[in-house]
Each structure stands twice: as C-alpha cells, then as structure tokens.
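Since the structure comes first, as structure tokens, the remarks are kept for the end.
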Amino acid sequence: MVDATTRFFEDLDRRGYEPVLAKTSGTLRFDLHEGAQTTHWLVEIDRGKVRVSQEDREADTVVGISPALFEEMAAGREHGVAAVLRGDMTVTGDARLVVQIERIFPGPPDSKGPRRLFHAEVH
Amino acid sequence: MGQSNTIRILDGNTFVVSEDTGDIEATPSEPTGLFSIDTRFLSRWVLTVNGERLNALSYDDLQYYEARFFLVPGMATHYVDAKLSIIRERTVGGSFREQVTILNHDEKPVDLEIRMDAGSDFADLFQVKDEILNKKGEIYAEAESDRLRLGYRRGSFVRETVISSSESARYDRNGFAYSVHLEPNEQWETRIDVQTHAIGPGGRDLRMGLRVHGTERLALQHDLEEWIAKAPKLNSEHEELATTYRRSLVDLAALRFSPLSLGGQTLPAAGLPWFMTMFGRDSILTCLQVLPFAPEMSKTTLRILASLQGTRFDDFREEDPGRILHEMRYGETAAFEEQPHSPYYGSVDATPLFVILLDEYEKWSGDVDLVRELEQECRAALKWIDNYADLVGNGYIWYERRNTDTGLENQCWKDSWDSISYSDGTLPPFPRATCEVQGYAYDAKVRAARMAREFWGDPAYADLLEREATQLKERFNRDWWVEDGEYYALALDPDGRQCATLSSNVGHLLWSGIVDHDRAEKIAHHLVGPRLFTGWGVRTLAEGEIRYNPIGYHNGTIWPFDNSFIAWGLRRYGFTEEAATIASGILDAATYFHGRLPEAFGGYPREQTKFPVEYPTACSPQAWSTGTPLLLLRTMLGLEPHEGHLAVEPVLPVGMGRIEVLDIPGRWGRVDAFARGRLDLHSLAD
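So the protein sequences, as listed, match chains Z and D.
Letter 70 of the first sequence, counting from 1, is numbered 70 in the UniProt record's numbering, and no numbers are missing.
Letter 555 of the second sequence, counting from 1, is numbered 555 in the UniProt record's numbering, and no numbers are missing.
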C-alpha cells in the first residue's frame, strides 16, 4: 500500500506542471525526520514546472517535519501554515516557497465546499 | 480599547500600548502590552524608584515608532517638590528598546533602588480582552546573570521575551533592579533591550530573514522621510487640511505591514492596535483610496493577495478556489486551529474588489505587466463569483458561513451580528446577499472585460463578461429596488425578500456603476437627505429605521471610509455638489481629531453635538480611515485618469479656499492639480 506522502510526491512529479506555482521558482527539500532516519524529498520548481526526486541536495528552502505530520498534510487533515506557526514544521531558507507549495496540498477530506440551495429556482 | 490616555508606538506588527507613564499593567479592560506577531510579549512593565510609582508630567509620541515620557516620583500633588526626574524614551523597530535616564536635582546625593517589574501572560491577540485563566501551555521565567527570559511553551510552540540591560542589573523572575548612587546634578542612564522570539524546534525564529524597512531608529526615520518626500505635496490655504494630509501620510507609513514569508513586501494593515495584519478587504479599499498618492502600495497588495488566493475547499477556513483571503493571524489560536486565521477566507467582497483594484491601478500607473502577471488570478476570482459565491443560484453573491463555530456570520464590510436586518428590525436567515457586493461584482466584470480586451487578448471573454454584467445590472435593478422608498434594499434573503432598510450601502452602488441612470438622482438625494446625512457625513443606517442608533456600530454611526467611497460614487454619476458636501463634512470632522479620522463616529446631527462624537471602541489609526482624506481630495479635485493623461475637474466648496496638489504620480509622469473653492454649499440645501 502506498502512503499519502509517496502518492503526493509521485502525483506531483507525474503532473510535471502545477499552475498554482506558475510564479514560483526554486528548490525545496522536505526532510522527514524519524529518530535517526531522515527521508528526503526534493522539489524543483521552475515557474510551475515541477520535478520531484529523493535526492539529498542543497535547496533554497529546507522543511523539517515528522513523517506522521507530513502524512496528515498529504491527506488534507493537517494544514501547513498552522503547523509552521505551531513550530511543528520548521523552515530554513526562503519561506515564500513553503507558503506557495502549501497551496497545492489537498483541503480537509470532510470539507464540502459551498452548498447551493436548490429550492430557489431562477425567476 | 482605544482609550485616549494610552500611548501606542509601532513598527510593522510589533507595537507597544502603554499608560501615559510608559507603564504596562494589562487587564482585560486595559489591554496594554508589548505585542508582536499577534502575541503579547509583555503584560507587565512597571518602573519604580525606591518602591514608588512614577507620575507623568508629559509625554511625546514623537514618531509612530518612538515615544518619550517625563516622569517624577510620587503623587501628582507633589510635583513641585520633585528632586528627581525620570525620562523614558522608547523605540519599536524589530525589538523594543527603552532608555531610562534619571536626574538628581537635589543638592544632596541620593541612593536609589530602581526596579522594573516585568512579566508576560503571552496572550493571543484574540484573548487579550478575556480573563486568561486556562492557558493550555506552560509559562516560565528564568533569571540569568545578564538577562531575564520570560517564556511560554505549548508543544513545539515557543514564544520568549528576553530582557537585557546596558547597565548591569540584578535579575529575578519578576523583573530586574539597579542600586544607583547619584551625586547632586548627576544623572544615570541605562538602555533596556527587549527581544521577542518565536522559536521553532531548530531554535530558529519564525520571522527569520524578514526585514521590512530597517529597524534601527535612524533607518526608520530615513524611511519615513523618504516616504513623505515621494508623495505629492499639498498646499492649502487651510492649515487644517495640510495637517490632515500630512497625518494621513505618516499614519499610512506606520500601517505598512510586511506579512511573514512574503519577502518583505508591504501592504496596508487594517489598523492599530488590534488589526496590525493583512485583511483582504481593508487592504484593497485602502489601496484604492490612496492610488493617486501612493500607487506602489497597490502593486504589492495585489501580489501578496494573489499569492495567497484560495486553491481548495476548506470549510474551517472557508477557503474556495479563487477566493481572496479575509484575515491572516500568527498567534497561538491560529497555530492550534482554535481560530481559522491561517489565513481565513470568510469575506465575499475581497474577491471582486481584487479585480477592481487591479484595473484601477493600471489606469493610473500604466503597469500592464502586472495586469498580465495576474490574469490567471483574476480569472479564478471571477470564476469564484459565478461558481462558488452564488449559493442560491440566481446570479448574486451570497454568504453563509461553513465554519459555524468561529467563522463570521456577516461576510460583508458591515460584519457585526446585527448589521443586516429587515425593515421590521428582525434578522434574515442565511444565505444573505448584501447590495454593495452585487455592485462590486458588476464593476469587477466590467473592468475585467476591459483588461481581457486590451491586455489579455481575449475579446470573446470580454464580450461574455460584458453580457453578464449587463444582465446582472438589469436583474439587480429589478430585484433590489424598493418601490415605495425609492432606493435599493440593503440585502435579500434566500427567498428573494428584501431587507428594505435604507443604508449607506446604496452609496457604494453609485461607486460601482450598477445604478440605473434614471435612479441615480433618487439615491443622491437620499445620501445628502436628513435621514442619512448628519452634516458631518452619511450614517451607516438611516434615522427612522428600527435598528437605528447613532452609536450603533454598523447601525447608525458614520464611517469615514464609507463616506469616501460614497463621495466617489456621487462624483461618478455627476453629483459633484453632493460629493463635495460629504467630502467637506468629513474633512471638517477630521480637524476635531487632529487630522486622524477614527474608524467611526456618532451619527448624531451636526447641529446637535457641534463636534463629532468618537465611537467608544474605535481603532485608530485605521488604514481605511487614514486613506479617507486622500480619496476625498481625489474626489473634490475630480482627478481621473483618462486615456493616458490625468484629468482634473475640481468642484470645491467656497470654504476650502485654494488647494494645490503637486507631483501626482502616474503613467503621465508627474502632474500638478490646482483648485479653488467656488461652490456655495448652502444653496444646495434649498
């Protein structure tokens, strides 16, 4: 079974282009720390074009986070900005990249969005 | 809040609210303190000399970022005997610094025990007016040999206040003290430095790498001078108008705010002290007001709001794809999702206003690049209007909060719980649609059509938008017109029933252009008629309505910003005299506040109170009140970008005398405008 984290990055790499990031360029590395073990995900963004790898390379922004929290974010159950404010996710380097990439995470799975009333037909 | 005897200084979203002695003793009713990133870092800061509290002889808020207090020990009646004076000088700029100077005027030497009590409750800005009994984390204090560390920890969330001093002090958990011997005429001084920290697990500060403008005092001063030098010059026969203009420019500089993580770009924050953060609506409306005077603010505001435009559905934050945010906060309640402001999107007007600002900005600046840069965001905003805001499915923008716990009930600018009512005073069910937002939607479509045709190379989209705008205008004029009162209803309920109350919102309709030409005169008459106009300005709700109350927050007070858009709207439809009447009323009111218009003031008739009665809990300075005199000037001078040049068509009341505004920036380079008051307003009343 593939976890939400792997699915998130693989989907992103497969899409290759993300319109929400059309004005964003830079490299961002997620370091998922668990005990002594760290899993790296490197996201390279060039004005919307996205490439994902697991290289441990220098990046403009490095995000430190636990695999469990990232898994929740990838499933839409946790929110990245709140996690940064809480100190549960740390950011080193250019914070703008985090704010931008945060926007491509899914919303909460139980969010329904605007509900239209159907009783009122157009006059 | 907003007591007149509190002193406030600020830089970005770090600010200090204190008593007139410089002391801070926060209580729920007196929410003083040192605040940064929506957290209180000092709630107690009390200076004593030999155990005695100090009294203020005078204080000076020299600039928005610095203040000075002259103090003596003992009670007010003993001033004449004072043998000591104490001067506190403080600056906010990144951190908080205070210089304490003590002078011995006695012919004898003195031994002094000088003590500063220091403490913090680390309250979230949302909690400062509550009795904080059950903070979920742990508050600690550590006295070290050279510093006092006050802190709060809740999981990984850590906020710390670190206090140090240039003169060596004895630190304890509740403050620090000095023993000082002063010979006759000798003086002693120390510099106290208070750092605020928001620390992540790696020990790094949340705000790392963020610098707005320099934070040292000299850099702040330089920045302010540059800001003022860059703005157009105003010369006026009336000193009051020049004072108001200068006050507006300085306050606007003070209210510039740089959101975390956006690379130091600034936009106008909503207001001091409680709204030093970005608000979609307030920031956009302020930018619109100040376009002729500070156009670069629009560019950064548009970019910042675009970079945080909604991308998904999030019911807690009321986020939708394309929606422009309402409010961003950085405190504990946002971090732990006890409040939705990370950011919160619950406003229905910020999204159309975003499109409006972009078009208006281009008309002034000629900055076509930005219009191209933000094309996708504009399209997404327009899609939001049609797809996600039309909750009833009849072509209007509606709102009904999805976050029923902490979301806003009324998502229009009149956002208090009882601001939208039927004419019998009862409140309508949800979803609700307010009239001014439909006007904004109309205007957004008309303006987007221009941008699509001229800059996006998409004439088909332009045609579509224009058709939609025309249909919206027709529909609106049919559904919202109150036949017997001859004005537009404040709101509709989901069954299409009108909230047929007469309100200031109809003035915004003139601004947006959705009013049919043959109805505009009726609206203009209402706006300067006795039910809405007090002599100072237009009330939020007309006298005679059941919920009318001259000091009702959105039900009868006068909001200067509201009036500035109403005046602009009147001008748009050619009611120049009515516009000038409102403009001169509000500018007259400004003189009673030393040029700094409050958020709101009482809706009492001018002849009854003779002076404008300040609304008790109003924030000041507030961005869109600060922007008001600038938009009123634009309106009276008839400044309008027109086919690449600046048209000037002044209509001023006689009392305004001669006004010149020099060096108005825009696509024309810099242009001057001259005007003389020729309009006799008394003849208008007849």
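Even for Gly, the Cβ is constructed at its ideal location relative to N, Cα and C.
Quick one: what does DSSP say residue i is sitting in, helix, strand or coil?
i       : result
T426(D) : coil
Y17(Z)  : strand
E436(D) : helix
P612(D) : coil
L408(D) : coil
I523(D) : helix
N387(D) : helix
W511(D) : helix
S416(D) : coil
F476(D) : helix
Y65(D)  : coil
G393(D) : coil
L210(D) : Low per-residue confidence applies at L210(D): pLDDT is 45, beneath 50, and the placement is therefore not dependable enough to give any value.
Q471(D) : helix
V446(D) : helix
A198(D) : strand
S55(D)  : This sequence places Asn at residue 55(D); Ser is not what is there. Looking at N55(D) - three-state DSSP - the assignment turns out to be strand.
W568(D) : helix
G80(Z)  : helix
E72(Z)  : helix
D359(D) : helix
D516(D) : coil
D463(D) : helix
S421(D) : coil
What residues in its chain sit with their C-beta under 6 angstroms from that of residue i, if we drop five residues either side in the sequence?
i       : result
A74(Z)  : A4, T5, F8
H554(D) : K414, S416, S419, T540
D11(D)  : Y65, V92, G93
R14(Z)  : none
R53(D)  : none
R247(D) : G595, R596
A83(Z)  : M89
A589(D) : W536, P612
Ends of the alpha helix (DSSP H) at residue i?
i       : result
P31(D)  : Counting along the chain, P31(D) falls outside any alpha helix (DSSP H), and DSSP gives it neither H nor E.
V371(D) : 368-373
V654(D) : Segment: none, V654(D) is in no alpha helix (DSSP H) and carries neither H nor E.
R96(Z)  : 95-102
G280(D) : 280-290
D124(D) : Per DSSP, D124(D) belongs to no alpha helix (DSSP H) and is neither H nor E.
T24(Z)  : Here T24(Z) belongs to no alpha helix (DSSP H), and DSSP marks it neither H nor E.
D251(D) : 239-254
D588(D) : 576-591
I304(D) : 296-307
With respect to the beta strand (DSSP E) encompassing residue i, which residues constitute its N-terminal and C-terminal limits?
i       : result
V671(D) : 669-679
P494(D) : Unbroken run through P494(D): none, as it is neither H nor E.
E226(D) : Where E226(D) is concerned, there is no enclosing beta strand (DSSP E), although the alpha helix (DSSP H) it sits in stretches over 217-230.
T38(Z)  : 37-46
N235(D) : 233-236
T61(Z)  : 61-65
K49(Z)  : 49-53
V17(D)  : 14-18
F41(D)  : 39-42
L103(D) : 95-104
Going by beta carbon distance, what residues of the same chain come within less than 8 angstroms of residue i, once the five residues before and after it are set aside?
i       : result
R572(D) : L510, W511, G513
S25(Z)  : I45, D46, R47
D11(Z)  : none
Short of 7 angstroms in beta carbon distance, which residues of its chain neighbour residue i, apart from the five on each side in sequence? Order them along the chain.
i       : result
V613(D) : F601, G602, Y604
A520(D) : L510, Y573
Exercise. Taking the runs of the beta strand (DSSP E) that are 3 residues or longer, which of them lie wholly in the segment 620-649 of chain D?
Worked result: Entirely contained in the segment 620-649 of chain D, the beta strand (DSSP E) runs reaching 3 residues are, in chain order, 640-642, 645-647.
Exercise. Three or more beta-carbon pairs under 8 angstroms between the segment 600-607 of chain D and the segment 662-673 of chain D, yes or no?
Worked result: Fewer than three beta-carbon pairs drawn from the segment 600-607 of chain D and the segment 662-673 of chain D are found closer than 8 angstroms, and the two stretches are therefore not classed as touching.
For this session: Would you check if the segment 153-168 of chain D and the segment 58-73 of chain D touch, i.e. whether three or more CB-CB distances between them fall below 8 angstroms?
Result: The count of Cβ pairs closer than 8 angstroms, one atom from the segment 58-73 of chain D and one from the segment 153-168 of chain D, stays below three, leaving the stretches out of contact.
For this session: At 4 residues or longer, and completely inside the segment 528-556 of chain D: list those alpha helix (DSSP H) runs for me, N to C.
Result: Here no run is fully enclosed.
For this session: Spell out a yes or no on whether the segment 102-118 of chain D and the segment 182-191 of chain D are touching, meaning 3 or more CB-CB pairs, one atom from each, closer than 8 angstroms.
Result: Judged by Cβ distances under 8 angstroms, the segment 102-118 of chain D makes contact with the segment 182-191 of chain D, as three or more pairs qualify.
Problem set entry | Three CB pairs or more closer than 8 angstroms across the segment 349-361 of chain D and the segment 45-64 of chain D | No, they do not touch.
Exercise. Are at least three pairs of beta-carbons, each pair with one atom in the segment 103-116 of chain Z and one in the segment 17-34 of chain Z, less than 8 angstroms apart?
Worked result: Cβ pair count under 8 angstroms is three or more, so yes.
Exercise. Would you call the segment 659-669 of chain D and the segment 622-631 of chain D touching, i.e. three or more CB-CB distances under 8 angstroms?
Worked result: No, because fewer than three Cβ pairs between the segment 659-669 of chain D and the segment 622-631 of chain D fall closer than 8 angstroms, the two stretches do not touch.
Problem set entry | Inside the segment 139-185 of chain D only - beta strand (DSSP E) runs reaching at least 3 residues | For the segment 139-185 of chain D, whole beta strand (DSSP E) runs of length 3 or above, ordered along the chain, are 148-154, 157-165, 170-172, 175-182.
Exercise. Counting pairs of Cβ atoms below 8 angstroms between the segment 445-464 of chain D and the segment 374-394 of chain D, do you hit three or more?
Worked result: Between the segment 445-464 of chain D and the segment 374-394 of chain D there are three or more inter-stretch CB-CB distances shorter than 8 angstroms, so the stretches are counted as touching.
Exercise. Counting pairs of Cβ atoms below 8 angstroms between the segment 27-42 of chain Z and the segment 106-117 of chain Z, do you hit three or more?
Worked result: Cβ pair count under 8 angstroms is below three, so no.
Exercise. Given 8 angstroms as the limit, is there contact between the segment 524-539 of chain D and the segment 484-503 of chain D, that is, 3 or more CB pairs closer than that?
Worked result: Note that the segment 524-539 of chain D touches the segment 484-503 of chain D; at least 3 beta-carbon pairs, one per stretch, sit closer than 8 angstroms.
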